[in-house]
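Let me begin by presenting the structure, written as structure tokens, before commenting on it.
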Amino acid sequence: MTRIVAPTSTNGLVRQKAEARMDCLHLTNRGARLRLPLVESTADVLVDALLTRSPDDRAAMLAATLDRDPLLLLWALLWVEKSTEPSPLGSLNLARRLGHDLLTYLTVGTDRTASPEDAPPPTARELAAALRESWLIAELVSELPGDDQGTDRTEARICGILSDGPKWLGLCGIEPPHVSLLETDHRIAQALAMVRGDARADEPPMVKLVRTARRMVHSPLDRHEAGIAWSGVRRRAAELRKAWLTAAPGAGQRLSELVQTLARRNELETRFDQCLETEKLEAMAELAAGAGHEINPPLAIISGRAQLFLRDEHDPERRHELAAINRQAIRVHEMIADMMLFARPEPPQPVPLDVAPWLDELATEIQIEAETRRTTLTLDLDSTPLLTVADPIQLAVAVRAVCINALEALGKGGRVAISAGRVEPQNSTDHAPGIDSIANPDNTADKTQALGIEIVIRDDGPGIATDVRRHLFDPFYSGRLAGRGLGLGLAKCWRIITNHGGSIEVDSPPEGGAVFRIRLPTTEPLDQNGESTS
Amino acid sequence: MKTVFTTGEAAKICKVSQQTIIRCFDSGQLKGFRVPGSRFRRIPRDQLYSFMRENGIPTDGLDSGKRKILIVDDDEELVDVIQDVLDRDGRFEVRTANNGFDAGMMVKEYRPDLIVLDVMLPDINGKEVCQRVRSDSSMDDVRVICISGMVEHDKIGELKDAGANDFMHKPFEVDSLVDRICQLLEIEAPAAS
Chain A
8 MTRIVAPTST NGLVRQKAEA RMDCLHLTNR GARLRLPLVE STADVLVDAL LTRSPDDRAA
68 MLAATLDRDP LLLLWALLWV EKSTEPSPLG SLNLARRLGH DLLTYLTVGT DRTASPEDAP
128 PPTARELAAA LRESWLIAEL VSELPGDDQG TDRTEARICG ILSDGPKWLG LCGIEPPHVS
188 LLETDHRIAQ ALAMVRGDAR ADEPPMVKLV RTARRMVHSP LDRHEAGIAW SGVRRRAAEL
248 RKAWLTAAPG AGQRLSELVQ TLARRNELET RFDQCLETEK LEAMAELAAG AGHEINPPLA
308 IISGRAQLFL RDEHDPERRH ELAAINRQAI RVHEMIADMM LFARPEPPQP VPLDVAPWLD
368 ELATEIQIEA ETRRTTLTLD LDSTPLLTVA DPIQLAVAVR AVCINALEAL GKGGRVAISA
428 GRVEPQNSTD HAPGIDSIAN PDNTADKTQA LGIEIVIRDD GPGIATDVRR HLFDPFYSGR
488 LAGRGLGLGL AKCWRIITNH GGSIEVDSPP EGGAVFRIRL PTTEPLDQNG ESTS
Chain B
5 MKTVFTTGEA AKICKVSQQT IIRCFDSGQL KGFRVPGSRF RRIPRDQLYS FMRENGIPTD
65 GLDSGKRKIL IVDDDEELVD VIQDVLDRDG RFEVRTANNG FDAGMMVKEY RPDLIVLDVM
125 LPDINGKEVC QRVRSDSSMD DVRVICISGM VEHDKIGELK DAGANDFMHK PFEVDSLVDR
185 ICQLLEIEAP AAS
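Chains as they are written, first to last, in this note's numbering: chain A, 8 to 541; chain B, 5 to 197.
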């Protein structure tokens, strides 16, 4: 029996998307959907099955339910049929109709005032009876014009299956009732008599429906009239079904709870990464604050004493050494300050800025450092004004960090070329192949800019390996890189640029060295909420 | 603080007669100037100070002319560094305190012109010290420079609101510290050595 349903297969029940309707379970398989009205106990079992990890346990739970719930069984049969059926649409429609009408029919005999859990699910025998009666409706349906090519043929097939219902039940391991039982069972016989007999005022509504349906089957209506009559039957069946659903409100409650839980979990999972990132930065900021508070005073003493000695020292070598002490103390201080700048940057105070003269001034300053290393520094600017809106001091810190990184990578000699120019309107897919981009996370650059400006810093020092490039701006990357990226300068730079709504990318071209591209929007940068900071 | 004295004032400070002062002025022993367009004599403070020193007159009646600095920091070695810097300049008189309580007592007693104040003290934080200094109107002229190992940009604003005049990070350029002090006290920055 479980062989047929095969719940362990990956496109079985438990992989399907469950929709939160209280009354029915929609299940999708290979693009077709089957809709199964649920009794509450079955819904609960399906919930447990969805939450169970072990496929064997799942199979056992489903097998037990198939024994108890004939509707599930019917659905399972149709599902198997449908999944082997080349054109599932026809059998799908039929299965849906059968599901509705069958359920309605099955409740006709029960007392409406009893609570749903009291009413026992129909037995296999009753199911067999229902199948026989439904065949009438199926037959009628097959007479109607279908809306796609294969419908008639497919539905006829399904009808054939249903008329052989007992045989199928046998295949499922349910002992099929003897055909003759259908004639001799007292209740069934009574129902059939009602349907075949004359109409009575107090008869259950479904009986009326079946009677009507039978009449339609046996009277020579043409297709059009049959269609109208059938839609009346269906409408009435829908009303009955609705009545049943309101009488049994608990079905699928747990299922909808499960769906909500899963939706919430998905939401939490996506938010988790963001929260983790924020918490990491906060932790880093706290560490930097604490470390700074403890480490900076001793540095002040070291640096202060070195400076005082330097004032009175005339020997050039000693002066050089004292200057080194001072410089190194300042360097330690800057490492911690950079950590803080990265983790908790000051909000930028942007002003309209013409990058060209500003970059010229900055290059002159860096030139001094370059000269001590005998490195050539060049500056190449577009002649047009390069306007952006940025905090000039913070931006200088960022660009300086990249330049110093280049100078330190070169050691002595070599070339650093700074250039700046306009950039064409960019979209997020517009990256040259081979560039590993650390694009800004909230993509404000794409939202705001019509045109951007670009500052490029190129050096002919050692290149940067691909896996290193990905982590170059990441202060949490613990694989310390030889030659480039010591300290937090690049991370600080990344933070400043992204706070301005820009982006920074790094590439190692085939000819060697490294290329850093800083892009800035020409309109106001947006803050984290996407609001203008002005 | 008075930077120019009349002969009468000078006499009182030196505990001599006004005539003595006038005589010394006229003979050139005590340097000064005449108010332009009149015959009134005026004596600049540092000239008076030098005169008193040269003649062995006790100078307690006149401030030395040095600005009074109070350094408040619990790190004694750092206090030593700052004190050394200021001593070497020569224009400052320095006292120190290691905690907020001592600082409070010394401010009242010593009446400094400027306080170099560490923001994190063992007993009280620098912000409160600022507030208390500012709450006493007799100390409106006292300048406060806060120093700290790590203070974030928003906290700097808070300190300035509490009454700090300036802020410096540790470590610092020794020359910058002196420059800032001079700026706040409105005296000339030292010539480059």
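Yeah, the Cβ is synthetic: ideal placement off N, Cα and C, and Gly gets one too.
Since the structure is predicted, the reported quantities are computational estimates derived from the model, not experimental observations.
Check                                                                                                                     : Outcome
Backbone CA spacing between B/V182 and B/P194 [nearest angstrom]                                                          : 8 Å
Buried or exposed by the 16-neighbour rule on C-beta atoms within 10 Å, applied to B/S31                                  : exposed
Interface residues of chain A facing B/E156 [CB-CB closer than 9 Å]                                                       : A292, A296, M347, R351 and E353
Alpha helix (DSSP H) segment containing B/I160, residue limits                                                            : H157 to A166
Same chain, Cβ closer than 6 Å to B/D179, neighbours up to 5 away in sequence not counted                                 : none
Cutoff 8 Å: A/R312 Cβ touching any chain B Cβ                                                                             : yes
CB of B/M172 within 8 Å of CB of B/I151, strictly                                                                         : yes
Other residues of its chain near A/P399: CB distance less than 8 Å, five sequence neighbours each side excluded           : V358, L360 and W365
Where the region 130-157 of chain B meets chain A: residues whose CB sits under 7 Å from a CB there                       : G153, M154, E156 and H157
Assigned secondary structure, B/M154 (DSSP; H/G/I helix, E/B strand, else coil)                                           : coil
A/L497 and A/L479 closer than 8 Å at C-beta                                                                               : yes
For A/R351 and A/T268, the rounded distance between their alpha carbons                                                   : 35 Å
Cβ distance (whole Å) where B/I119 is taken to contact B/V98 below 8 Å                                                    : Going by Cβ atoms, the distance from B/I119 to B/V98 rounds to 11 Å, so no, they are not a contact pair.
In DSSP terms, what A/A397 is bridged to                                                                                  : A/V358
Beta-carbon separation (whole angstroms), A/L388 vs A/I373, contact threshold 8 Å                                         : A/L388 to A/I373, Cβ: 15 Å. No contact.
Strand pairing of B/F96, partner residues [DSSP]                                                                          : B/R71
Close Cβ partners of B/F158 (< 8 Å) along its chain, the five nearest in sequence each way excluded                       : For the record, residue 158 of chain B in the displayed sequence is Asp; it is not Phe. Here the set comprises nothing.
Same chain, Cβ closer than 7 Å to A/A296, neighbours up to 5 away in sequence not counted                                 : M347
Buried/exposed call for B/M56, threshold 16 Cβ in 10 Å                                                                    : buried
Within 8 Å, strictly: CB atoms of B/Q187 and B/G167                                                                       : no
Same chain, Cβ closer than 7 Å to B/M110, neighbours up to 5 away in sequence not counted                                 : L74, R99 and A101
Any chain A beta carbon closer than 8 Å to B/V89                                                                          : yes
Residue span of the beta strand (DSSP E) that contains A/R524, given as start and end                                     : A521 to P528
Closer than 8 Å to chain A by CB, B/V178                                                                                  : yes
Where A/G418 falls, given that 16 or more other Cβ within 10 Å makes a residue buried                                     : exposed
Where B/N129 sits in the DSSP three-state scheme                                                                          : strand
Coarse secondary structure for A/D466, derived from DSSP in three states                                                  : strand
Cut-off 8 Å between Cβ atoms - residues of its own chain near B/Y53, not counting five sequence neighbours on either side : T63, L66, S68 and G69
Partners in chain B for A/N303, counting only beta-carbon separations shorter than 9 Å                                    : S152, G153, M154, H173, K174 and P175
Euclidean distance between Cα positions of A/P355 and B/G161                                                              : 16 Å
Closer than 7 Å at the beta carbon, the chain B residues around A/H340                                                    : P175
Counted within 10 angstroms of its Cβ, other Cβ atoms place A/K499 as buried (16 or more) or exposed                      : buried
8 Å Cβ cutoff, B/E81 in contact with chain A                                                                              : yes
B/G108 to A/H507 span [Cα, whole Å]                                                                                       : 45 Å
Proximal residues to B/C28 (C-beta, below 6 Å), its chain only, five neighbours per side dropped                          : L34
Inter-residue Cα distance where the pair is B/D122 and A/L275                                                             : 45 Å
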